[in-house]
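Undergrad: Could you have a look at this structure, given as structure tokens, before my questions?
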Amino acid sequence: MEYLVVAAYAALALFSLLFSYLVWSRFATKPHNLPPEAAGARLFVGHLDVVSGRVGLPHVNLATLADKYGPIFGIRLGVHPAVVVSSWELAKELFTTYDASVSSRPPIKAGKHLAYDHAMLGFSSYGPYWRQLRKLVSVELLSARRVELQRSARASETALLLKDLHARCGSGRAMVDMKELFGELSMNAVLGVVAGKRYSGGDEAEEARRCRRVMRDFFHLAGYFVPADALPYLGWLDLGGHERRMRRTAKELDDIVGEWLVEHRQKGNSGKDFMDVMISVMEGADLQSHYDVDTIIKATCGNLISGGTDATAVVLIWALSVLLNNRHVIKKAQEEIDKHVGKERVQMVQIVLATLLQSFDLSTPDDQPIDMTESAGLTNCKATPLDVLISPRLPPTLYT
Numbered sequence: 001m002e003y004l005v006v007a008a009y010a011a012l013a014l015f016s017l018l019f020s021y022l023v024w025s026r027f028a029t030k031p032h033n034l035p036p037e038a039a040g041a042r043l044f045v046g047h048l049d050v051v052s053g054r055v056g057l058p059h060v061n062l063a064t065l066a067d068k069y070g071p072i073f074g075i076r077l078g079v080h081p082a083v084v085v086s087s088w089e090l091a092k093e094l095f096t097t098y099d100a101s102v103s104s105r106p107p108i109k110a111g112k113h114l115a116y117d118h119a120m121l122g123f124s125s126y127g128p129y130w131r132q133l134r135k136l137v138s139v140e141l142l143s144a145r146r147v148e149l150q151r152s153a154r155a156s157e158t159a160l161l162l163k164d165l166h167a168r169c170g171s172g173r174a175m176v177d178m179k180e181l182f183g184e185l186s187m188n189a190v191l192g193v194v195a196g197k198r199y200s201g202g203d204e205a206e207e208a209r210r211c212r213r214v215m216r217d218f219f220h221l222a223g224y225f226v227p228a229d230a231l232p233y234l235g236w237l238d239l240g241g242h243e244r245r246m247r248r249t250a251k252e253l254d255d256i257v258g259e260w261l262v263e264h265r266q267k268g269n270s271g272k273d274f275m276d277v278m279i280s281v282m283e284g285a286d287l288q289s290h291y292d293v294d295t296i297i298k299a300t301c302g303n304l305i306s307g308g309t310d311a312t313a314v315v316l317i318w319a320l321s322v323l324l325n326n327r328h329v330i331k332k333a334q335e336e337i338d339k340h341v342g343k344e345r346v347q348m349v350q351i352v353l354a355t356l357l358q359s360f361d362l363s364t365p366d367d368q369p370i371d372m373t374e375s376a377g378l379t380n381c382k383a384t385p386l387d388v389l390i391s392p393r394l395p396p397t398l399y400t
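For the sequence shown, the UniProt record's numbering gives the first residue as 1, with consecutive numbering after it.
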């Protein structure tokens, strides 16, 4: 009998809570300057099904909503309202005119577990620490002068790629997974600039695979939707074990970058790469944060390497995939490159694609179209390998 009374009171309390929520959501006064909210929000969870990845890819779902509601609209992620912008013109305006308003990042599980408790630039909130760190990265790594100084490193990595591809061909053709090769190229190019490192074959092959795996896991998990981010009352639950995987990946990333930092401190400040610059700058800097110096250096360098590696590789993979599905464009591009384009006029993505098209004839097994299946994450990665048949089209002496 007592059990029935308790159950009745519990049911009444739950009903009252639901009724109050429905009344509040129907009649609460809302600001008039918000964009239209997409229909289909569910009680408590809002539009979580749109971004969870369980029903279609999140970016495809959001694109479908943009077709219906326009370039800017609202959704609800659990208890959090969110604004979706799908127009590059609006995005440019937001990050130029209103950059201070949109530069903050809300605290999320990925920022806590993967990003040294939000010490990474891409996960930290707008404030003195964010501004000073962004200025340091912009001046010492991304300025026009620094990018120009990195030209030889980009050219060197591209030349090594060509040499490797030519060696694989022998006297005929070879099948290569360009997705893997582009990943290696991008990682080594970024590693050289940020940490003065480069991984090749032989004894370093295993370490290279480990580093690439950790970087891929980092980017995948950083873009994974954790239910507790939208529903804080579920914070004590690790649904799906994603937080456990985040902590494991963060430990591996910290071990790798930590080893590089120890090596840099032992060899002294050579000033040749960004980690050297950070060590020098951090000695007397006051970034107005509670993070220690080593944490800031590891977080910043790890963020730049993981982001730079993934972004460049993804663009190269999709660009070549589209070209291979439009062979007439490849032929036209090869003719244009042979006649008019010099290597000194292009940057990393362009120089790799241009040199690849100039140096090799490209095709697919049995002339089949490339599988364009996408995957979810912070970037839109190709879900399947990019197997390409290559054969040299230049004299052998030009590949050495």
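Glycine included, C-beta positions come from ideal geometry on N, C-alpha and C.
Identify which residue in Leu353, Ser306, Ile337 and Ser87 has its Cα closest to the Cα of Leu114.
TA: Among Leu353, Ser306, Ile337 and Ser87, the Cα nearest to that of Leu114 is on Ser306.
Undergrad: Please report the Cβ distance between Glu252 and Val214, rounded to the nearest whole angstrom; I am assuming they are in contact, meaning their Cβ atoms lie under 8 angstroms.
TA: With a Cβ gap of about 5 angstroms, Glu252 and Val214 count as contacting.
Undergrad: For Asp177, name the three-state secondary structure that DSSP assigns.
TA: Strand, per DSSP.
Undergrad: Is Phe95 buried or exposed, if buried means 16 or more other CB atoms sit within 10 Å of its CB?
TA: So Phe95 counts as exposed.
Undergrad: Just checking my contact of Asp164 with Leu386 at CB under 8 angstroms: how many whole Å lie between their CB atoms?
TA: Not quite, the Cβ-Cβ distance comes to about 16 angstroms (not below 8 angstroms), so this is no contact.
Undergrad: Cα-Cα, which of Phe182, Asn380 and Trp130 is closest to Arg105?
TA: Nearest option by C-alpha distance: Trp130.
Undergrad: Start and end of the beta strand (DSSP E) containing His80?
TA: Segment His80 to Val85, the beta strand (DSSP E) holding His80.
Undergrad: Just how far apart, CA to CA, sit Ala39 and Ser101?
TA: The straight-line gap from Cα to Cα measures roughly 26 angstroms.
Undergrad: In this structure, does DSSP put Gly223 in helix, strand or coil?
TA: In this structure, Gly223 counts as coil in the three-state DSSP scheme.
Undergrad: Could you check where the alpha helix (DSSP H) with Pro392 kicks off and where it finishes?
TA: That residue, Pro392, is in no alpha helix (DSSP H); its beta strand (DSSP E) goes Asp387 to Pro392.
Undergrad: Given a cut-off of 8 angstroms, decide if Ala205 and Arg154 are closer than it, judged by their beta-carbon atoms.
TA: Not in contact: Arg154 and Ala205 (Cβ atoms no closer than 8 angstroms).
Undergrad: What are the start and end residues of each continuous alpha helix (DSSP H) run of 4 or more residues lying completely inside the stretch 220-292, in chain order?
TA: Complete alpha helix (DSSP H) runs here, min 4: 227-230, 242-267 and 274-282.
Undergrad: List the endpoints of the continuous beta strand (DSSP E) containing residue 487.
TA: With the chain covering 1 to 400 only, the question about residue 487 has no answer from this structure.
Undergrad: Could you tell me which of Met246, Ser280 and Asn326 sits nearest to Ala110, measuring between CA atoms?
TA: Nearest of Met246, Ser280 and Asn326 to Ala110, Cα basis: Met246.
Undergrad: Decide if the stretch 225-235 is in contact with the stretch 61-81; the criterion is three or more beta carbon pairs, one per stretch, under 8 angstroms apart.
TA: Yes: at least three Cβ pairs fall under 8 angstroms.
Undergrad: Does DSSP classify Gly74 as helix, strand or coil?
TA: Gly74: strand per DSSP, three-state reduction.
Undergrad: Taking Cβ positions, are Pro36 and Phe73 nearer each other than 8 angstroms?
TA: Yes, the Cβ-Cβ distance between Pro36 and Phe73 is below 8 angstroms.
Undergrad: To the nearest whole angstrom, what separates the beta carbons of Asn303 and Gly170, a pair I think is in contact under 8 angstroms?
TA: Between Gly170 and Asn303 the Cβ distance is about 41 angstroms, and since that is not below 8 angstroms, they are no contact.
Undergrad: Under the three-state reduction of DSSP, which class applies to Lys197: helix, strand or coil?
TA: Reduced to three states, the DSSP call for Lys197 is coil.
Undergrad: Measuring alpha carbon to alpha carbon, tell me which residue in Asn380, Asp366, Gly308 and Thr384 is nearest Met348.
TA: Measuring from the Cα of Met348, the nearest candidate turns out to be Gly308.
Undergrad: So what does Lys382 bridge to, in DSSP terms?
TA: Per DSSP, Glu374.
Undergrad: Nearest by alpha-carbon distance to Ala311: which of Phe182, Glu207, Asn325 and Gly240 is it?
TA: It is Phe182 whose Cα lies nearest to the Cα of Ala311.
Undergrad: With DSSP collapsed to three states, give me the class of Gly46.
TA: Strand.
Undergrad: State the Cα-Cα distance for the pair Ala383 and Met372, rounded to the nearest angstrom.
TA: For Ala383 and Met372, the distance between alpha carbons rounds to 8 angstroms.
Undergrad: Counting along the chain, where does the alpha helix (DSSP H) carrying Gly111 start and finish?
TA: That run of the alpha helix (DSSP H) goes Lys109 to His113.
Undergrad: I believe Leu394 touches Ser359 by the beta-carbon criterion, under 8 angstroms. Please report the beta-carbon distance rounded to the nearest angstrom.
TA: Contact flag correct, Cβ pair sits at about 6 angstroms.
Undergrad: Using the C-alpha atoms, what's the distance from Gln150 back to Leu22?
TA: At Leu22 the pLDDT is 43, less than 50, meaning the model places this residue with poor confidence; the figure from the coordinates comes in the next sentence. Using only the alpha carbons, I get a separation of about 58 angstroms.
Undergrad: At the level of alpha carbons, what is the spacing between Gly56 and Ile279?
TA: Their backbone Cα atoms lie some 44 angstroms apart in a straight line.
Undergrad: I need the straight-line Cα distance from Val329 to Ile337, nearest angstrom please.
TA: So the two alpha carbons sit approximately 12 angstroms from each other.
Undergrad: At which residue ranges does the stretch 120-154 contain complete alpha helix (DSSP H) runs of 4 or more residues, listed in the order of the chain?
TA: Listed in chain order, they are 128-140 and 144-149.
Undergrad: Note down the Cα distance separating Thr355 from Leu162, rounded to an integer number of angstroms.
TA: Taking the straight line from one Cα to the other gives about 8 angstroms.
Undergrad: What residue from Asp361, Trp318, Leu316 and Ala208 has the CA that sits closest to Glu335's CA?
TA: When only C-alpha atoms are compared, the closest one is Asp361.
Undergrad: Taking C-alpha atoms, which residue in Arg198, Leu353 and Lys179 lies nearest to Leu323?
TA: Ranking the options by Cα distance to Leu323, first place goes to Leu353.
Undergrad: Tell me, please, which residues DSSP counts as bridged to Glu184.
TA: Glu184 is not bridged to any residue.
Undergrad: Would the C-beta of Lys163 count as close to the ligand ZN, meaning under 7 angstroms from any of its heavy atoms?
TA: In the structure shown, the ligand ZN is absent, as is every other ligand, since no ligand is present at all.
Undergrad: If you draw a straight line from the C-alpha of Gly70 to the C-alpha of Val85, how long is it?
TA: About 9 angstroms.
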